[in-house]
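Visitor: Before I ask anything, here is the structure I am working with.
Number of protein chains: 2
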Amino acid sequence: MRKATITDIAKELNLTPSTVSRALCGSSLVKQETKEAVEAKAKDMGYVRNVMASNLRKGVAQTVGIIVPRINRQFFSNVISGAESVLNDAGYNVLICQTQERYEKEVYAIDTLLWNQVAGIIISHSIETSDTSHLSKALNSNVRLIQFDRVFYNIPDVKVVNDNYHGAYTATKHLIDNGYTRIGTLAGYMTSAQYRERLEGYKRALLDAGMEVDERLIFKDTIIRETGYARAKEALDLGCDAMYSAGDFSALGAMQAAKEKGLKIPDDFGIVGTANENFTELMTPSMSSISLKPYQMGKAAAQAFLNDDGSNPDSMITIEMELMKRESSNRHKGSK
Amino acid sequence: MRKATITDIAKELNLTPSTVSRALCGSSLVKQETKEAVEAKAKDMGYVRNVMASNLRKGVAQTVGIIVPRINRQFFSNVISGAESVLNDAGYNVLICQTQERYEKEVYAIDTLLWNQVAGIIISHSIETSDTSHLSKALNSNVRLIQFDRVFYNIPDVKVVNDNYHGAYTATKHLIDNGYTRIGTLAGYMTSAQYRERLEGYKRALLDAGMEVDERLIFKDTIIRETGYARAKEALDLGCDAMYSAGDFSALGAMQAAKEKGLKIPDDFGIVGTANENFTELMTPSMSSISLKPYQMGKAAAQAFLNDDGSNPDSMITIEMELMKRESSNRHKGSK
DNA sequence: ATGGATATTTCAATCGTTTGAATAAGTAGA
DNA sequence: TCTACTTATTCAAACGATTGAAATATCCAT
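Spelled out as structure tokens, the structure:
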């Protein structure tokens, strides 16, 4: 059975498609009586409106595309969740693409979204991405572009980022306040701006406290558990008594290393991770971590899209990070 | 600047839109030379094809909708991820809706997807959903409907579900094999089919081993950590020495309860959870759990969509669950 | 009745692409 | 030279909804 169209409804009621169309979108140009008749008939015939036709005529789709490296990362799925809730309430649909961290797939995702005439694109880049010509393509097509988390600063659009600098600063200061004196860091990779910013925050906190920055305690090549474990061992041999880790998994490795050496956490060794992965609060001892706010970030990105009237082509929104103090760093039970 | 269309390209090259259209989709009816000219000009003019127009003409969109309660749940985001990878490779876009566990939003999501002329809908229901009339609407619109995880058996479509029964059976048997003799269960809520199936598997395993089923050790009201903790305490008082939990969080609570009583895990108390949440392998002692295979489930659902030619309106695919043996239940280090 | 304002509906073009049928041009065989 | 067949292109009608302008219908005051 063919799908009913407004023309079908019109025929049944001896009206024209124009009137039916207007009736269905509640135009005041249509008599109340007619509206009701149309609505009844539409329901009766199982009419579903065809958004494609409607959008084609109108020029844009009420759709926003979101591009992320991986959907099944706690962080990204929460961003999507936040964005989706805002966008849905505003009457937008959300088209999601994952790039699997591949540049090529990111380019393809942009193309796909443009083909679909999306009104906006909210994107966090794949790790491989360094060229930005695909973004220009989007900017030239008058879609609103919002970058989040992993952003390129040289693109004139709205950016939503974590306040990595202050987060790392706070974490490091927290360790200092707890009396640790040789504080190292598992800093992540310097190719990424967020890790560079965290490292800066870490350094600043040490300097502000009058402590010296020891380059030997800064490890710029670890983000996973295994290397975190290995680097932490090295650090411990250098007399390190606490670490700020730019990732939770490397922090986990560090905890293992400390335990293996027979050190007590937090008494002999303190640690704060980053991201507040959900395992951090479930382990024993529970791990302190700077919490990202992905849901909030998604909402902010969506809001930025909704507010973006093109007047402010190059703006930046920072989402604060929150230190979750837990057992792994709270040396003085009573202290704050 | 207006977007370039095939008509614009046609004019520039003194051709008709028909030829340009055919050239761009690689039709063999167009001379090689012309194709090249068209492609060059298209690139030159920054042409992006308009999928809406194309779909409108063709009748369906190359789009599949996925409806889940929450995107930011490990399980669902992995299902989406799996489905997305298969669908993308097959040239489909994925439109995602989350219902926030609300029935009303589920109905709206179905409507939205139908408006968008999706070719198929892959859905896991919200906890509130009990009425299925919105699904009939979809079935009547010749979209292919695939239910997964939380499914209604009375809908004639393809269903993809976890093999809860065998999973629970295996988990329980594993505990029995490790010499535990008073095995209880944190069974989840009996309103949900998956928990009922897990309970059945648990019971069968006991019976097959010649053990008796003690109703006092079956708790049908817990799924979260707090109640898991409370129920486990009761169970321990009744001499329970191991539990199969239908969820990881309640299992976590149970471990806490056992530790608090001074019991050693796994020597004095064994436990196996369900879902293989990522904290389970990171804690100490690591927790055994029956792993769901969400990524695989997503792939299976997508495959089912792609294969669905309507010939097999009511079929069921079960995804096996895998027991992850870890410290919390492996009493005999050497045993298998 | 009649002019005029207002309410309601119809007309007709349009959004950009696709596709069956028609046409034109070129090639081969008789 | 004529028919038969390829090959390449154009024509024209869709797909379903929207929207400005034009056309009617309705109502009111004179």
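Chains as they are written, first to last, in this note's numbering: chain L, 65 to 400; chain V, 65 to 400.
Backbone N, C-alpha and C define an ideal beta-carbon position, used for all residues, glycine too.
(1) If I measure Cβ to Cβ from Val84 (chain L) and keep anything under 6 Å in the same chain, skipping five residues before and after, which residues do I get?
(2) Taking 8 Å as the limit between beta carbons, can you name the residues of its chain near Ile135 (chain V), skipping five residues before and five after?
(3) In chain order, which continuous runs of the alpha helix (DSSP H) of length 4 or greater are located wholly inside the segment 85-111 of chain L?
(4) Measuring only between beta-carbons, confirm whether Glu148 (chain L) sits less than 9 Å from chain V.
(5) Using DSSP with H/G/I as helix, E/B as strand and the rest coil, what is Ala306 (chain L)?
(6) To which residues of the same chain is Tyr253 (chain L) closer than 8 Å at the C-beta, ignoring the five residues directly before and after it?
(7) How should Ser309 (chain V) be labelled, buried or exposed, when 16 other C-beta atoms within 10 angstroms of its C-beta is the threshold for buried?
(8) Does the distance from the CB of Val226 (chain V) to the CB of Met361 (chain V) come in under 9 Å?
(9) Within 8 Å, do at least three Cβ pairs link the segment 329-336 of chain L to the segment 300-318 of chain L?
(10) Taking a Cβ distance cut-off of 9 Å, strictly less, list which residues of the segment 94-121 of chain V are near chain L, in chain order.
(11) Can you name the start and end residues of the alpha helix (DSSP H) that Arg208 (chain V) belongs to?
(12) Which runs of the beta strand (DSSP E) spanning at least 3 residues fall entirely within the segment 120-196 of chain L, listed in chain order?
(13) Pick helix, strand or coil for Thr69 (chain L), following the three-state DSSP scheme.
(14) Would you mind sorting Ser188 (chain V) into buried or exposed? The rule is 16 or more other CB atoms within 10 Å of its CB.
(15) So who's on the other strand from Val224 (chain L), going by DSSP bridges?
(16) Find out if the Cβ-Cβ distance for the pair Ala269 (chain V), Thr236 (chain V) is shorter than 9 Å.
(17) Report the rounded CA-to-CA distance for Ser399 (chain V) versus Lys389 (chain V), giving the unit in angstroms.
(18) By the 8 Å beta-carbon criterion, what residues does the segment 242-266 of chain V contribute toward chain L?
(19) Check Gly317 (chain V) in the structure and name its three-state DSSP category.
(20) Kindly indicate the opening and closing residues of the alpha helix (DSSP H) around Thr291 (chain V).
(21) Taking Met361 (chain V) as part of the alpha helix (DSSP H), name the residues at either end of that continuous run.
(22) List, in chain order, every chain L residue whose beta-carbon is nearer than 7 Å to that of Gln162 (chain V).
(23) Please classify Gly123 (chain L) as buried or exposed, where buried requires at least 16 neighbouring CB atoms within 10 angstroms.
(24) Of the residues V:Ala368, V:Arg395 and V:Glu290, which one's Cα is nearest the Cα of Ile210 (chain V)?
(25) How long is the line joining the alpha carbons of Asp373 (chain L) and Val222 (chain L), rounded to whole angstroms?
(26) At the level of alpha carbons, what is the spacing between Trp179 (chain L) and Val115 (chain V)?
(27) When DSSP labels each residue in this structure, what does Met58 (chain L) get in the three-state scheme?
(28) How would you label Asn302 (chain L), buried or exposed, when you count the other beta carbons within 10 angstroms and need 16 or more for buried?
(29) Is there a C-beta anywhere in chain V that falls below 9 Å from the one on Gly398 (chain L)?
(30) By Cβ distance below 8 Å, which residues in the same chain neighbour Val158 (chain V) in space, the five residues on each side in sequence not counted?
(31) Rounded to the nearest angstrom, how far is the Cβ of Arg395 (chain V) from that of Asn242 (chain V), given a contact under 8 Å?
(32) Straight-line CA distance for Glu276 (chain L) to Thr245 (chain L)?
(33) Ser118 (chain L) by DSSP, collapsed to three states: which one?
(34) Grab the span of the beta strand (DSSP E) containing Leu79 (chain L) for me, first residue to last.
(35) Answer yes or no: does any C-beta atom of chain V fall closer than 9 Å to that of Val158 (chain L)?
Guide: Once the coordinates are examined:
(1) Ile70, Ile73, Ala74 and Val102
(2) Ser141, Ile144, Ile160 and Gln162
(3) As far as the segment 85-111 of chain L is concerned, its whole alpha helix (DSSP H) runs of at least 4 residues are 96-108.
(4) yes
(5) strand
(6) Tyr259, Lys284, Asp285 and Ile287
(7) buried
(8) Reading off the sequence, residue 226 (chain V) comes out as Asn, not Val. Yes.
(9) Cβ pair count under 8 Å is three or more, so yes.
(10) Gly110, Val112, Arg113, Asn114, Val115, Met116, Ala117, Ser118, Asn119 and Leu120
(11) No alpha helix (DSSP H) contains Arg208 (chain V), which is instead part of the beta strand (DSSP E) from Arg208 to Phe212.
(12) 127-132, 157-162 and 184-187
(13) In the displayed model, Thr69 (chain L) falls within coil according to three-state DSSP, outside both helix and strand.
(14) buried
(15) L:Phe212 and L:Ile381
(16) yes
(17) Its pLDDT being 41, under 50, Ser399 (chain V) is placed unreliably by the model, and the measurement read from it follows with that caveat. Between Ser399 (chain V) and Lys389 (chain V), the C-alpha separation is close to 11 Å.
(18) none
(19) helix
(20) Run containing Thr291 (chain V): Arg289 to Asp301, per the alpha helix (DSSP H) assignment.
(21) Where Met361 (chain V) is concerned, the enclosing alpha helix (DSSP H) stretches over Pro358 to Asn371.
(22) Ser145 and Glu148
(23) exposed
(24) V:Ala368
(25) So the alpha carbons of these two residues sit roughly 11 Å apart.
(26) 5 Å
(27) This structure does not reach residue 58 (chain L), given that chain L is present from 65 up to 400, and the question cannot be answered.
(28) A small fix is needed here, since residue 302 (chain L) is Leu in this sequence, not Asn. Leu302 (chain L) is exposed by the Cβ-count criterion.
(29) Bear in mind that the predicted position of Gly398 (chain L) carries a pLDDT of just 42, short of 50, making it unreliable; the figure below should be weighed with that in mind. So, not an interface residue.
(30) Thr127, Val128, Gly129, Ile130, Ile144, Ala147, Glu148, Leu151 and Asn152
(31) Indeed they touch by this definition, with Cβ atoms about 4 Å apart.
(32) 10 Å
(33) In the structure shown, Ser118 (chain L) sits in a helix (DSSP, three-state: H, G or I).
(34) Premise fails: Leu79 (chain L) is in no beta strand (DSSP E) and is neither H nor E.
(35) yes
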